[in-house]
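**Student:** Chains as they are written, first to last, in the working numbering: chain A, 2 to 224; chain B, 2 to 224. Beta carbons are placed, not taken as given, at the ideal position from N, Cα and C, and that holds for glycine. Predicted model only: the values in this text are computed from it and were never measured.
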DNA sequence: TATATAATTTAGTTATGCCTAAAATAAATT
DNA sequence: AATTTATTTTAGGCATAACTAAATTATATA
């Protein structure tokens with residue numbers, strides 16, 4: 002049986018290697034808010050369990066076994082987020098924190114029952130894909146909102162789930178996954194986005210926009 | 002914040018002091034399957050947090066604060082058992098084990114939402130009373146099945162929840178809380194009970210009967 | 001290529017938490 | 001009063017997981 006800390010390391014390595022292959026000790030340590038030496042220590046432990054591949058000074062990657070564990074935890078987390086929201090009405094800015102504790106504790110049986118209750122969903126309340134029980138992650142091709150230009154319309158696909166204040170802010174504009182909006186203006190010099198959401202205007206700063214990913218992007222004017 | 006072990010000690014002290022006032026170190030250690038010295042150590046820690054009252058060689062009792070913690074954990078446990086059973090269909094012989102892990106982890110918010118979903122229930126799937134959010138335990142006056150005599154009819158009120166094999170056995174006779182039955186015969190010399198459950202006969206041994214508590218007991222013949 | 005800088009690892013330390021065996025002490029029993 | 005039983009203290013073990021400081025290795029720069 003793995004400790005909670007070990008599971009968190011595996012989950013983090015998975016997320017980091019998604020965007021950049023091998024994960025350096027420093028990046029991993031920063032992500033987990035520990036010192037690099039601490040990360041080295043856990044990497045050694047995970048390596049001894051054949052959950053990661055590691056060569057000194059060359060970064061870590063997950064083995065198939067390590068990846069399976071990581072995806073299992075991520076699946077727990079995202080199913081829990083959706084379940085808490087749909088079945089118990091926990092608001093979307095609160096599910097992350099709750100799931101963070103529960104993900105390490107629920108049984109495979111409860112996981113399967115939540116999955117069935119939810120109708121075998123493929124995305125959590127923030128739009129993140131839910132791996133299936135075999136660890137297969139639904140394909141997604143989302144575009145960063147910061148890539149949008151004047152006049153383009155699109156649909157919110159995914160938002161970062163780790164900052165509940167940000168989520169409340171987005172909720173106040175109805176910017177949930179599935180919500181359509183159109184870019185009215187992108188202010189120059191990396192300025193904010195003015196957008197139209199079902200007739201309501203909203204101004205979204207760069208830093209906020211970086212946490213929003215969209216799909217179904219359609220140009221309105223040819224730029 | 003309390004550790005899981007500390008919470009388990011408080012829960013155990015509560016349960017033991019229900020039937021016998023002060024709890025001796027030895028009884029507590031045996032209940033938790035640790036050595037007496039370990040129990041002494043944890044008692045000292047709990048005492049330093051003003052959660053228990055303890056005089057050397059005289060046993061422990063909970064303070065009001067300690068009792069509040071114990072009841073909170075017990076409330077979590079029993080609400081979870083009922084929730085897992087009703088909302089997710091987890092069979093009654095599996096809910097205890099699952100709740101044992103979750104009880105230490107769920108938030109007050111989730112507790113309240115489960116409570117509301119379940120309609121503010123007063124008993125878990127095994128018939129154990131669920132303390133309300135203020136720590137008030139519903140009154141129960143259950144009779145041990147071993148007190149029954151020939152011809153008496155009654156209704157199952159509560160069964161021990163810590164042995165899932167036993168629960169499956171009881172389930173095979175439909176002996177759930179709420180199920181009525183009548184004693185056909187009590188074999189002499191502390192022998193087994195033959196009972197009638199909705200027309201079906203079943204033989205229940207002494208050791209099993211010790212784990213069953215009933216109410217609505219009505220004599221059929223005057224013995 | 002030499003040197004400076006950055007990243008990583010090693011080694012040793014600290015802290016927590018919970019456990020145990022053995023010895024000492026207190027209480028109960030004969 | 002002596003003995004048995006129960007409890008507590010003492011001293012120490014083990015696991016986890018973090019940290020600092022120093023040494024090592026890799027990479028960038030002059």
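Between residue 59/B and residue 25/B, what straight-line distance do the alpha-carbon atoms span, to the nearest angstrom?
**Tutor:** In the second chain, counting from the first residue as 1, residue 59/B sits at position 58. In the second chain, counting from the first residue as 1, residue 25/B sits at position 24. The straight-line gap from Cα to Cα measures roughly 7 Å.
**Student:** Flag this pair as touching only if the stretch 103 to 117 of chain A and the stretch 89 to 99 of chain B have three or more C-beta atom pairs under 8 Å; answer yes or no.
**Tutor:** Contact between the stretch 103 to 117 of chain A and the stretch 89 to 99 of chain B is present, because at least three Cβ pairs lie under 8 Å.
**Student:** Quick one: what's got a C-beta closer than 7 Å to residue 197/B's C-beta in the same chain, skipping five residues either side?
**Tutor:** The residue you call residue 197/B lines up with position 196 of the second chain. 182, 183, 185.
**Student:** Write down the C-beta distance between residue 212/B and residue 161/B rounded to the nearest angstrom, noting that I regard them as a contact closer than 8 Å.
**Tutor:** Indexing the second chain from 1 puts residue 212/B at position 211. Indexing the second chain from 1 puts residue 161/B at position 160. Residue 212/B to residue 161/B, Cβ: 4 Å. Contact.
**Student:** Is it true that the CB of residue 74/A sits closer than 8 Å to the CB of residue 8/A?
**Tutor:** Working through the first chain from its first residue, we reach residue 8/A at position 7. Working through the first chain from its first residue, we reach residue 74/A at position 73. For residue 8/A and residue 74/A, yes; Cβs fall inside 8 Å.
**Student:** Taking residue 89/B as the query, report the chain A residues whose CB atoms sit under 8 Å from its CB, ordered along the chain.
**Tutor:** Residue 89/B sits at position 88 when you count from the first residue of the second chain. Within chain A, the residues near residue 89/B are 111, 114, 115, 118.
**Student:** Give me whichever residues DSSP pairs with residue 144/B in a beta bridge.
**Tutor:** Walking along the second chain from the start, residue 144/B turns up at place 143. Paired residue(s): 215/B.
**Student:** Using 8 Å as the limit for Cβ to Cβ distance, is residue 42/A near chain B?
**Tutor:** Looking up residue 42/A in the first chain gives position 41. So no, residue 42/A is outside the interface.
**Student:** Name, please, each residue of chain B whose Cβ falls closer than 7 Å to the Cβ of residue 106/A.
**Tutor:** Here residue 106/A is taken as the residue at index 105 of the first chain, counted from 1. Neighbours of residue 106/A on chain B, chain order: 102, 103, 106.
**Student:** Quick one: complete alpha helix (DSSP H) runs, 4+ long, within the stretch 58 to 141 of chain A?
**Tutor:** 65 to 89, 96 to 103, 109 to 118
**Student:** Between 173/A, 114/A, 215/A, which lies nearest to residue 93/A when the distance is taken from Cα to Cα?
**Tutor:** The residue you call residue 93/A lines up with position 92 of the first chain. Selection 173/A, 114/A, 215/A evaluated against residue 93/A yields 173/A as nearest (Cα-Cα).
**Student:** Of all the options 36/A, 210/A, 67/A, which has the alpha carbon lying nearest to the alpha carbon of residue 144/A?
**Tutor:** For the purposes of this step, residue 144/A is taken as residue 143 along the first chain, with counting starting at 1. Here the closest residue by C-alpha is 210/A.
**Student:** Any C-beta of chain B within less than 8 Å: which residues of the stretch 171 to 186 of chain A qualify?
**Tutor:** none
**Student:** Our contact map puts residue 156/A next to residue 141/A with C-beta atoms below 8 Å; I'd like the distance itself, whole angstroms only.
**Tutor:** In the first chain, the residue the question calls residue 156/A occupies position 155. In the first chain, the residue the question calls residue 141/A occupies position 140. Not really, about 13 Å apart at Cβ, beyond 8 Å.
**Student:** Name, please, each residue of chain B whose Cβ falls closer than 9 Å to the Cβ of residue 140/A.
**Tutor:** The residue you call residue 140/A lines up with position 139 of the first chain. Ordered by position in chain B, no residue passes the 9 Å Cβ test against residue 140/A, which lies about 29 Å from the chain.
**Student:** Identify the contact partners of residue 99/B in chain A, using a Cβ-Cβ distance below 7 Å as the criterion.
**Tutor:** Taking the first residue of the second chain as 1, we reach residue 99/B at position 98. Within chain A, the residues placing a beta-carbon under 7 Å from that of residue 99/B are 108, 111, ordered along the chain.
**Student:** Given this structure, state the Cα-to-Cα distance separating residue 70/A from residue 63/A, to the nearest angstrom.
**Tutor:** Counting from one through the first chain, the residue named residue 70/A turns up at place 69. Counting from one through the first chain, the residue named residue 63/A turns up at place 62. For residue 70/A and residue 63/A, the distance between alpha carbons rounds to 10 Å.
**Student:** Short of 8 Å in beta carbon distance, which residues of its chain neighbour residue 122/A, apart from the five on each side in sequence? Order them along the chain.
**Tutor:** In the first chain, residue 122/A corresponds to position 121, counting from 1. Contacts found: 80, 83, 116, 131.
**Student:** In chain order, which continuous runs of the alpha helix (DSSP H) of length 4 or greater are located wholly inside the stretch 9 to 50 of chain B?
**Tutor:** If we require 4 residues or more, the alpha helix (DSSP H) runs fully inside the stretch 9 to 50 of chain B come out as 26 to 33, 37 to 49.
**Student:** Can you tell me whether residue 7/A is helix, strand or coil according to DSSP?
**Tutor:** As a first step, residue 7/A must be located in the first chain, where it is residue number 6. Of the three classes helix, strand and coil, the one that applies to residue 7/A here is helix, per DSSP.
**Student:** With a cut-off of 8 Å, does the C-beta of residue 85/B fall near any C-beta of chain A?
**Tutor:** The residue you call residue 85/B lines up with position 84 of the second chain. Yes, its Cβ sits closer than 8 Å to a Cβ of chain A.
**Student:** Can you list, in chain order, the residues of its chain with a C-beta nearer than 8 Å to that of residue 54/B? Leave out the 5 residues immediately preceding and following it.
**Tutor:** Along the second chain, one-based indexing puts residue 54/B at 53. Closer than 8 Å at Cβ, skipping near neighbours: 48, 61, 62, 63, 64.
**Student:** Between the alpha carbons of residue 10/A and residue 10/B, how many angstroms are there, rounded?
**Tutor:** Within the first chain, residue 10/A is the residue found at index 9, counting from 1. Within the second chain, residue 10/B is the residue found at index 9, counting from 1. Going from the Cα of residue 10/A to the Cα of residue 10/B covers about 30 Å.
**Student:** What would DSSP say about residue 165/B, mapped onto helix, strand or coil?
**Tutor:** Here residue 165/B refers to the residue found at position 164 when the second chain is read from its first residue. Three-state DSSP puts residue 165/B in a helix.
**Student:** What span of residues does the beta strand (DSSP E) with residue 203/A cover, start to end?
**Tutor:** Along the first chain, read from residue 1 onward, the residue named residue 203/A stands at position 202. From DSSP, the beta strand (DSSP E) with residue 203/A extends over 201 to 205.
**Student:** Which residues in the same chain have their Cβ closer than 6 Å to the Cβ of residue 33/A, if we skip the five residues on either side of it in sequence?
**Tutor:** Taking the first chain and counting its residues from 1, the one referred to as residue 33/A is at position 32. Closer than 6 Å at the Cβ level, and outside the excluded window around residue 33/A, lie 13.
**Student:** Taking 8 Å as the CB-CB limit, is residue 200/A close to chain B?
**Tutor:** Position 199 of the first chain, counted from the start, is the residue given in the question as residue 200/A. By this cut-off, residue 200/A is not an interface position.
**Student:** Can the beta-carbon of residue 91/B be found less than 8 Å from the beta-carbon of residue 149/B?
**Tutor:** The sequence position of residue 91/B within the second chain is 90, counting from 1. The sequence position of residue 149/B within the second chain is 148, counting from 1. Contact flag unset, no.
**Student:** Out of 44/B, 113/B, 18/B, state which residue places its alpha-carbon closest to the alpha-carbon of residue 6/B.
**Tutor:** Working through the second chain from its first residue, we reach residue 6/B at position 5. Minimum Cα distance to residue 6/B is reached at 44/B.
**Student:** Within the same chain, show all residues whose beta-carbon is closer than 7 Å to that of residue 66/B, passing over the 5 residues directly before and after it, in chain order.
**Tutor:** For the purposes of this step, residue 66/B is identified with residue 65 of the second chain, where counting begins at 1. Excluding positions up to five away in sequence, the list reads 51, 52.
**Student:** How is the beta strand (DSSP E) around residue 195/A delimited, first residue to last?
**Tutor:** Counting from one through the first chain, the residue named residue 195/A turns up at place 194. First-last of the beta strand (DSSP E) with residue 195/A: 194 to 198.
**Student:** What is the rounded straight-line gap between the Cα of residue 214/B and the Cα of residue 146/B?
**Tutor:** Translated into positions along the second chain, residue 214/B becomes position 213. Translated into positions along the second chain, residue 146/B becomes position 145. Residue 214/B and residue 146/B: Cα-Cα distance of roughly 5 Å.
**Student:** Taking only the alpha-carbon atoms, compute the straight-line gap between residue 21/B and residue 113/B and give it to the nearest angstrom.
**Tutor:** On the second chain, position 20 is the one that residue 21/B refers to. On the second chain, position 112 is the one that residue 113/B refers to. Computed Cα separation, rounded: 32 Å.
**Student:** Is DSSP giving residue 188/B helix, strand or coil here?
**Tutor:** As a first step, residue 188/B must be located in the second chain, where it is residue number 187. Here residue 188/B sits in coil by DSSP.
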